[in-house]
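In my numbering, the protein residues as written are 1 to 167.
Using N, Cα and C, we set each Cβ at its ideal position, and we do this for glycine too.
Only a predicted model underlies this, so the values are computations on that prediction, with no experimental measurement involved.
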């Protein structure tokens with residue numbers, strides 16, 4: 001994961017992010033779907049997107065593009081696989097206090113000449129809920145999407161972001 005203006009994005013950075021975020025999602029989804037089809041009982045697939053896939057942002061264009069691709073894959077796979085009773089949906093977290101955000105904060109500290117921790121603090125303060133998300137904040141949506149109660153939900157990506165993005 002690198003921060004870069006559009007004119008400085010490297011092919012290596014582009015290829016790495018698309019390989020992990022898009023190809024990784026596609027081929028994991030494909031393997032799960034094949035197994036579920038062979039089992040004949042349907043199932044649930046839950047992809048992890050990001051609010052970054054909902055809109056472009058400066059310095060993280062490639063990351064945003066990969067997460068938009070995950071949302072699109074979720075829609076396409078959801079419509080394609082529902083005939084096998086496989087529901088494909090996604091979760092689009094907002095900013096989550098995690099090791100990844102610690103790395104992002106360090107990149108912004110270098111790139112924007114900020115003290116380490118300042119970007120993370122400012123981003124957290126900007127969440128309407130009043131704080132960054134925590135990994136456990138995503139669990140309820142994942143459990144719900146995996147449940148029978150979500151049987152009629154197909155090809156959707158749900159925001160779990162403390163009110164940052166409304167659709």
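Local Cβ density within 10 Å of residue i, reported as buried at 16 or more and exposed below that
i: residue 53; result: buried
i: residue 95; result: buried
i: residue 152; result: exposed
i: residue 103; result: exposed
Candidates the options: closest to residue i by CA position
i: residue 101; options: 33, 153, 91, 134; result: 134
i: residue 91; options: 12, 44, 148; result: 44
i: residue 143; options: 4, 46, 131; result: 46
i: residue 60; options: 147, 8, 31; result: 8
i: residue 111; options: 145, 63, 58, 131; result: 58
i: residue 168; options: 41, 64, 11; result: Any property of residue 168 remains undetermined from this structure, which presents the chain solely from 1 to 167.
According to DSSP, residues forming a beta bridge with residue i
i: residue 48; result: 91
i: residue 159; result: 92
C-beta atoms of residue i and residue j nearer than 9 Å
i: residue 48; j: residue 20; result: no
i: residue 78; j: residue 127; result: no
i: residue 118; j: residue 97; result: no
i: residue 18; j: residue 66; result: yes
i: residue 3; j: residue 107; result: yes
i: residue 150; j: residue 113; result: no
i: residue 87; j: residue 160; result: no
Beta strand (DSSP E) segment containing residue i, residue limits
i: residue 111; result: Counting along the chain, residue 111 falls outside any beta strand (DSSP E), though it belongs to the alpha helix (DSSP H) covering 99-111.
Distance cut-off 8 Å: residue i Cβ against heavy atoms of the ligand NAP
i: residue 27; result: For the structure depicted, the ligand NAP is absent and the ligand set is empty, with no information on it obtainable.
Residue range of the unbroken alpha helix (DSSP H) whose run includes residue i
i: residue 10; result: Taken as a continuous stretch (DSSP letters only), residue 10 belongs to no alpha helix (DSSP H), as it is neither H nor E.
i: residue 129; result: Per DSSP, residue 129 belongs to no alpha helix (DSSP H) and is neither H nor E.
i: residue 67; result: 61-81
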